[in-house]
């Protein structure tokens, strides 16, 4: 070795120039989310250390525990949570609750207030019933399950609650909370769910708890049938376009697609009557599809229309990177490309084995990443042999 | 669908604040935003042949558990780098503590060097490099990687490792000296490395390739 210092510098540069292997980010994300479901919510940061503040806080907690301020279903001030001033269609959820109820929730209790009324339970959930709403309490311990017979309810759940901590049943359709603020309106043959913050899931109530068939994100609005949300249609009610739903299609019986565009009465207050032209584009989240038309999984033959141009582009990448090679030198390269394609046709994972030259690899990775495959019911694994 | 967020790296990042309140949607945004840099840093600290996926997962689990303790006294990226370094080193420690009963090469390094082009040579060189780093103390290894590969300044490294900048410079000096000494003292490694830069072969670091005739 002539110059170890030079060797070190050069090798460090090679390492720095080498991109890390592409990771299956979707899988990692899912695993992380699965794990943090069982984690306690992070504690908010303490303000800069001020000892007397800590002492005051501790004293307040001690005093509260002595006088029993943590009883359930205690009255709340109307400032704790109020439904927004904007209306959900013509439903009477707009009025702010005029009073707070007192007394604990208990299973079997029926709530049918004549005027807007707010409730709180356990310090982690508050809900407001519109005048004339009719609900029954099915469960009220560490979880709250309400059956919405008629009317509307606005809910605010503290973040960090486990999935299913708060559930509203409308027929066989369950609306389960994931730490959020949302509204539910019961109609004769459907239930309307509008999400302000966080995520809620809507699906069929099962023995083990609510399913997570449809996930509605903030500013999404969905109308669901009462048979376990087998039929659904979506719209966005925010004044800016936003994809409303990150959804998975319910397994089993395929849902029947309703018109993706709701009637103007359901398109939400933000797209209100004063500026109808500002209606955001309505996006049905993963609109229910005709499963007959798409294969269970992709094969090389089914994906040929995508793979052909993709391989051609990868060849271009390699040729471009190989143009710097010494003239007269012939290099034969064989590599195997493994691709995982999501049901919606986008590539979630790709691996070249063995990897290509770094320049070619970067270029080819971009080609694969942007490839759009046909849709399939389930994720597909494809393997393409490359010869350069 | 993920919301696209601007790269706003400061303590007042609303995503960070929402994560601190337990907002899992915000945590997904945080993951989307920082996963690439975390993946890169873990890869560079641990080197090839390690279970990068698991370590990246560990990092973000730890972020979720600890983000409540982030007070904004430093940039979030600095805090995240510090946490990433710690988790990666912890995994390295665990890996070294496990008995190695076989002489098999790391998973990403093929036993035979039949590769499409010069990638096998590069991989071997990188493997030797990390084998050298494995013989150093964690502190020296960390500052060497953060400076020589990540390109961070001693001041930035000082924030991440929680040591004065002068200490970082000292560790860098001794890290370089130790690595050079190792290269000189280890005939096997030195010989292997020497193959890569022997007269007549291409200089990989300069970007040219060592080609073989078919």
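Protein chains in written order, with the working numbering: chain R, 5 to 392; chain S, 638 to 851.
The C-beta atom is built at its ideal place from N, Cα and C for all residues, glycine as well.
Quick caveat: nothing in here was measured; it's all calculated off a predicted structure.
- Across the structure, residue 664/S and residue 652/S are spaced so that their CA atoms are roughly 7 Å apart.
- Taking the Cα positions, residue 205/R is about 23 Å away from residue 657/S.
- Only 358, 359, 360 and 361 from the segment 351-378 of chain R bring a Cβ to less than 7 Å from some Cβ of chain S.
- The continuous alpha helix (DSSP H) containing residue 766/S extends over residues 756-771.
- Under the 10 Å beta carbon count, residue 300/R is surrounded by fewer than 16 other beta carbons and is classified as exposed.
- Residues of the segment 664-675 of chain S with a C-beta less than 9 Å from any C-beta of chain R: 664, 665, 668, 669, 672 and 673, listed in chain order.
- Against chain R, the CB of residue 820/S has a partner CB under 8 Å away; the residue lies at that interface.
- Around residue 806/S, the same chain offers 791 as residues with beta carbons nearer than 7 Å, after the five sequence neighbours per side are excluded.
- For residue 22/R, the residues of chain S that pass the 8 Å Cβ criterion are 759 and 763, in the order they occur in the chain.
- Comparing C-alpha distances from residue 352/R to each of 238/R, 372/R, 150/R and 111/R shows the shortest one belongs to 372/R.
- Scanning its chain for C-beta atoms nearer than 7 Å, with the 5 sequence neighbours on each side dropped, one finds around residue 772/S the residues 819, in chain order.
- Chain R has no Cβ within less than 8 Å of the Cβ of residue 811/S.
- In this structure residue 9/R is exposed. Its beta-carbon is surrounded by fewer than 16 other beta-carbon atoms within 10 angstroms.
- Flagged as an interface residue toward chain R: residue 694/S, by a C-beta distance shorter than 8 Å.
- For residue 785/S, the chain R residues whose C-beta falls within less than 9 Å of its own C-beta are 12, 13, 16, 17, 19 and 20, listed in chain order.
- A buried status is given to residue 718/S, since no fewer than 16 other beta-carbon atoms sit within 10 Å of its beta-carbon.
- Secondary structure at residue 301/R: coil, using DSSP grouped into helix, strand and coil.
- A direct Cα-Cα distance of roughly 33 Å separates residue 136/R from residue 660/S.
- For residue 766/S, the nearest beta carbon of chain R is closer than 8 Å to its own beta carbon.
- If the five residues before and after residue 196/R are omitted, its C-beta is found closer than 6 Å to the C-beta atoms of 189 and 227, all from its own chain and listed in chain order.
- Chain order gives the chain R residues near residue 697/S as 36, where near means a beta carbon separation below 7 Å.
- Counting along the chain, the unbroken beta strand (DSSP E) around residue 158/R starts and ends at 148-161.
- Minimum Cα-Cα distance from residue 142/R among the listed residues 219/R, 171/R and 179/R corresponds to 171/R.
- It is roughly 15 Å from the alpha-carbon of residue 199/R to the alpha-carbon of residue 207/R.
- About 7 Å separates the Cβ atoms of residue 19/R and residue 681/S, confirming a contact at the 8 Å cut-off.
- The residue from 782/S, 720/S and 715/S with its alpha-carbon nearest to that of residue 694/S is 720/S.
- With a cutoff of 8 Å on beta-carbon distance, residue 704/S and residue 40/R are scored as not near each other.
- Across the set 127/R, 151/R and 129/R, the C-alpha of 151/R shows the shortest separation from the C-alpha of residue 115/R.
- Counting along the chain, the unbroken beta strand (DSSP E) around residue 218/R starts and ends at 218-220.
- In this structure, residue 233/R sits away from residue 310/R, with a CB-CB distance that is not shorter than 8 Å.
- Taking 8 Å as the Cβ-Cβ cut-off, the segment 706-717 of chain S approaches chain R at 706, 707, 708 and 709, given in chain order.
- In the DSSP assignment, residue 671/S falls within the unbroken alpha helix (DSSP H) covering 661-683.
- Think of a sphere of 9 Å around the beta carbon of residue 202/R: the chain S residues whose beta carbon falls inside it are 660, 661 and 662, in chain order.
- The beta carbon of residue 218/R does not come within 8 Å of any beta carbon belonging to chain S, so the residue lies off that interface.
- Cβ neighbours of residue 153/R within its own chain (closer than 6 Å, five residues either side excluded): 138.
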